[in-house]
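Residue numbers (our numbering): 215 to 343. Note that beta-carbon positions come from the ideal geometry of N, C-alpha and C, so glycine has one too. Shown next, in structure tokens, is the structure this report addresses.
This is the structure:
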């Protein structure tokens, strides 16, 4: 069985080796965000420890809003590019003993901040044979 930290590290390594890492202006992290750039943050929602361990991992990409006539609005062009790239990169992937598939993608406003978040929910399967 893999620990939550090990699962996050698996997805972190996958994302860091992908085009997504190069496309964002910030950092990829599984320990939290420290910038106001386009960051990618990996978190784990739930995990079991059966023979085939299942976990739900979130790969969240934060995109700052842009000023428009004194107001902040969604950066639709960047959101569109990054949504498509996330879908391409995260549709499915694997490692030595695991695989994952993209189950859901949503783009939402972040409460209290001038940014949006592209939330990618992955189903992660670890083979504990």
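Distance, residue j Cα to residue i Cα
i, j, result
"residue 268", "residue 249", "31 Å"
"residue 270", "residue 221", "10 Å"
"residue 216", "residue 262", "10 Å"
"residue 335", "residue 224", "15 Å"
"residue 325", "residue 312", "34 Å"
"residue 320", "residue 273", "11 Å"
"residue 316", "residue 303", "9 Å"
Local conformation of residue i per DSSP, three classes
i, result
"residue 224", "helix"
"residue 269", "strand"
"residue 232", "coil"
"residue 247", "coil"
"residue 337", "strand"
"residue 324", "coil"
9 Å Cβ cutoff, residue i in contact with chain D
i, result
"residue 338", "Absence of chain D from the displayed structure is noted, only one protein chain being present."
Residues near residue i in its chain [Cβ-Cβ closer than 7 Å; skip 5 each side]
i, result
"residue 329", "276, 277, 278, 279"
Residue burial classification, residue i (beta-carbon count within 10 angstroms, cutoff 16)
i, result
"residue 292", "buried"
"residue 254", "buried"
Strand pairing of residue i, partner residues [DSSP]
i, result
"residue 287", "280"
Contacting residues, own chain, Cβ-Cβ under 8 Å from residue i (five flanking each side not counted)
i, result
"residue 295", "237"
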